[in-house]
Ligand code: KG4
Ligand code: ZN
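Residue numbers (our numbering): 428 to 752.
In structure tokens:
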């Protein structure tokens, strides 16, 4: 059964065709990096307009690459949130139009479900129960997924998300958009031991990154004109504090709720240090799945996968947690 996925929640326009929720037949992604680079960040109005302009061409390409015709599609899945309101409207609007024109059912997908389901595309035999850490631009959530369609948020951030913290730190260090990957590259040339920064530590399974951000701000102010190497050392120290904090709680969660399967997903899961350290922290206690980079950052294949399973398993999620089906 083929699902057409549409993702337009932020600055990636993506259309994908996925078979049986597991097999990616096509996953076409257009990044708006060039469009927003001059502004230093995503401009919502420009992003929405660009989604609208790109979607028809990407749709054609996704079908062509999958070797599929509209009549082969049995379900359309579009991201319905969280994300930039105008951008979401473009994706869901086009999906509604296609659903009517092709007489195919439409399902709205929670973007965070999508990130979790990106793991199912990477590892075809992966099944719940799972323990997940979803780290994106706006979320740092520890999630139990006892079965398809059921998510229990057991830990989250009190303030900034890990991706947001990376983005703000990167800007303080003078890096340009897209800042997350730029900080990753800068940190590879730095030494965290030369510029120690505090490691956030809250009780239980809660995260907090705002104090760490302030510590970086004050350190930069105290240093005055930090040279290139010092900025790289600071980038490495900041990255290390965020990554170790994320993994300290993942480690604790795995002890509290032992699980044979652990998933680390979302844009921040593309981070080099997080990928290396997560494998060390999880060790042989569980199988760790970190999707390949193109499935970590926003894409429509993960939305199609989540839509496929979501349509079969009615959601039982507390909407106040932001993970509503
Ligand atoms: O999941 P995602 O692509 O979009 C959202 O759903 O928010 O995540 C975007 C976040 C951004 O904060 C971006 O800077 C971060 O993921 N990111 C990274 C890396 N690649 C993307 N953070 C650290 N290292 C990376 N390599
Ligand atoms: Zn995302």
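A virtual CB, placed ideally from N, CA and C, is assigned to each residue, including glycine. Keep in mind it's a predicted model, so treat the numbers as computed, not measured.
Would you mind sorting residue i into buried or exposed? The rule is 16 or more other CB atoms within 10 Å of its CB.
i: residue 428; result: exposed
i: residue 667; result: buried
i: residue 510; result: buried
i: residue 464; result: exposed
i: residue 656; result: exposed
i: residue 569; result: buried
i: residue 654; result: exposed
i: residue 616; result: exposed
i: residue 512; result: exposed
i: residue 466; result: exposed
i: residue 644; result: exposed
i: residue 574; result: exposed
i: residue 626; result: exposed
i: residue 650; result: exposed
i: residue 718; result: buried
When every heavy atom of the ligand ZN is checked, does at least one fall within less than 7 Å of the C-beta of residue i?
i: residue 542; result: yes
i: residue 725; result: yes
i: residue 563; result: yes
i: residue 694; result: yes
i: residue 408; result: Since the first residue of the chain shown is 428 and the last is 752, residue 408 is not available in this structure.
Out of the options, which one is the CA nearest neighbour of residue i?
i: residue 469; options: 704, 716, 489, 605; result: 605
i: residue 738; options: 503, 594, 523; result: 503
i: residue 690; options: 548, 481, 529, 445; result: 548
i: residue 566; options: 542, 521, 663, 711; result: 542
i: residue 460; options: 607, 701, 700; result: 607
i: residue 517; options: 473, 528, 495, 496; result: 473
i: residue 685; options: 559, 588, 544, 704; result: 559
i: residue 531; options: 563, 663, 501, 581; result: 501
i: residue 610; options: 708, 457, 700; result: 700
i: residue 591; options: 544, 631, 639, 621; result: 639
i: residue 692; options: 672, 618, 540; result: 540
Indicate, with yes or no, if the ligand KG4 has a heavy atom lying under 7 Å from the CB of residue i.
i: residue 662; result: no
i: residue 608; result: yes
i: residue 504; result: no
i: residue 591; result: yes
i: residue 698; result: yes
i: residue 437; result: yes
i: residue 586; result: no
i: residue 611; result: yes
Pull up the distance between the alpha-carbon of residue i and that of residue j, whole angstroms please.
i: residue 491; j: residue 478; result: 19 Å
i: residue 538; j: residue 647; result: 35 Å
i: residue 481; j: residue 679; result: 43 Å
i: residue 522; j: residue 551; result: 27 Å
i: residue 740; j: residue 578; result: 12 Å
i: residue 661; j: residue 628; result: 19 Å
i: residue 533; j: residue 505; result: 8 Å
i: residue 449; j: residue 732; result: 6 Å
i: residue 583; j: residue 634; result: 6 Å
i: residue 519; j: residue 507; result: 7 Å
i: residue 436; j: residue 735; result: 19 Å
i: residue 555; j: residue 688; result: 8 Å
- Fully enclosed by the region 570 to 634, which beta strand (DSSP E) runs are 3 residues long or longer? 577 to 582
- Task: Give, in chain order, every unbroken run of the beta strand (DSSP E) that is at least 3 residues long and sits entirely within the region 668 to 726.
- Result: 688 to 692, 714 to 716
- Query: Going along the chain, which unbroken runs of the alpha helix (DSSP H) with 4 or more residues stay wholly within the region 439 to 470?
  - Reply: 460 to 464
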